[in-house]
Amino acid sequence: KKKESKDHQLLRYLLDKDEK
Amino acid sequence: PPMDINFSPFSMLPHLADLVSYSIQKVIGFAKMIPGFRDLTAEDQIALLKSSAIEIIMLRSNQSFSLEDMAWSCGGNEFKYQINDVTKAGHSLELLEPLVKFQIGLKKLDLHEEEHVLLMGICILSPDRPGLQDNSLVESLQDRLSEVLQTYILCKHPPPGNRLLYAKMIQKLADLRSLNEEHSKQYRCLSFKPEHSMQLTPLVLEVFGNEIS
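Protein sequence lines, in the order shown, are assigned to chains L and W.
So for the first sequence, my numbering puts the first residue at 4; every next one is plus one.
So for the second sequence, my numbering puts the first residue at 38; every next one is plus one.
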């Protein structure tokens, strides 16, 4: 849980992708 | 793949994991277009995506589901997936039977594309998902979409198809919750074994959880 909630690197990347 | 792989009980797992991984990217792209979604904190966006991803995948797969052969077609009619194929990815009938029943029921509602898209938005913006911080902001965004959907049905969906349509659509969201629960149960079982979790993609592991780490 601790590791999971801190990371989510791919999700963060995909959310920020294509944003201006 | 070598012949014997096709006979393993998990022969479809890498392929289905790829499909689901691709679908998760589509779900993220869709969520980003929902008005207000990007204004939520990153943590809340992640919480919503993690909890709704499988439901949205089940919802959007209805577009490729056919009542004639009870199968999902993928990239044209020559590639079809039936229950049997999904069992070869480690899922049991306890998930797949209600899933097909759900697909049939949803298909029979004969939704307009606008209604289908709004239903997906309402599903993503559910204020009762675990780990959410700002439930009331999510609720207000969801309320807005619900109002748009009800107005759309009233103005654009002719009878008899519009009869109790909104209520029937909301019932589908309840069905998705129990499908989600069963999927989580089966996924946990599956991902608990390293020989299976190693066949999943990093994105699938991140969204559905990695029991090993």
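C-beta: ideal position from N, C-alpha, C; glycine also.
All of these numbers come straight from a predicted model, not from anything done at the bench.
Close Cβ partners of residue i (< 7 Å) along its chain, the five nearest in sequence each way excluded
{"i": "residue 58/W", "result": "238, 240, 241"}
{"i": "residue 205/W", "result": "146"}
{"i": "residue 126/W", "result": "47, 49, 50, 53"}
{"i": "residue 143/W", "result": "99, 209"}
{"i": "residue 233/W", "result": "47, 50, 127, 227"}
{"i": "residue 220/W", "result": "91, 132"}
{"i": "residue 65/W", "result": "86"}
Exposure of residue i, with buried meaning 16 or more beta-carbon neighbours within 10 Å
{"i": "residue 244/W", "result": "buried"}
{"i": "residue 129/W", "result": "exposed"}
{"i": "residue 121/W", "result": "exposed"}
{"i": "residue 227/W", "result": "buried"}
{"i": "residue 158/W", "result": "buried"}
{"i": "residue 68/W", "result": "buried"}
{"i": "residue 74/W", "result": "buried"}
{"i": "residue 16/L", "result": "exposed"}
{"i": "residue 115/W", "result": "exposed"}
{"i": "residue 179/W", "result": "buried"}
{"i": "residue 163/W", "result": "buried"}
{"i": "residue 62/W", "result": "exposed"}
{"i": "residue 251/W", "result": "The shown model of chain W, from 38 to 250, leaves out residue 251/W, and the question about it has no answer."}
{"i": "residue 201/W", "result": "exposed"}
{"i": "residue 95/W", "result": "buried"}
{"i": "residue 104/W", "result": "exposed"}
Residue i versus residue j - alpha carbon distance
{"i": "residue 113/W", "j": "residue 173/W", "result": "42 Å"}
{"i": "residue 80/W", "j": "residue 186/W", "result": "27 Å"}
{"i": "residue 152/W", "j": "residue 18/L", "result": "25 Å"}
{"i": "residue 236/W", "j": "residue 171/W", "result": "35 Å"}
{"i": "residue 208/W", "j": "residue 109/W", "result": "22 Å"}
{"i": "residue 11/L", "j": "residue 217/W", "result": "20 Å"}
{"i": "residue 223/W", "j": "residue 91/W", "result": "13 Å"}
{"i": "residue 13/L", "j": "residue 196/W", "result": "45 Å"}
{"i": "residue 231/W", "j": "residue 45/W", "result": "16 Å"}
{"i": "residue 154/W", "j": "residue 107/W", "result": "22 Å"}
{"i": "residue 184/W", "j": "residue 177/W", "result": "11 Å"}
Proximal residues to residue i (C-beta, below 8 Å), its chain only, five neighbours per side dropped
{"i": "residue 111/W", "result": "56, 101, 117, 118"}
{"i": "residue 167/W", "result": "84, 88"}
{"i": "residue 194/W", "result": "149, 152, 202"}
{"i": "residue 191/W", "result": "199"}
Close Cβ partners of residue i (< 6 Å) along its chain, the five nearest in sequence each way excluded
{"i": "residue 140/W", "result": "99, 102"}
{"i": "residue 89/W", "result": "160, 161"}
{"i": "residue 133/W", "result": "120, 123"}
Short CB-CB distance (under 7 Å) between residue i and chain L
{"i": "residue 240/W", "result": "yes"}
{"i": "residue 82/W", "result": "yes"}
{"i": "residue 65/W", "result": "yes"}
{"i": "residue 243/W", "result": "yes"}
C-beta neighbour in chain W for residue i, strict 7 Å
{"i": "residue 18/L", "result": "yes"}
Any non-hydrogen atom of the ligand GDP within 6 Å of residue i CB
{"i": "residue 51/W", "result": "Among the components of this structure there are no ligands whatsoever, and the ligand GDP is therefore not found."}
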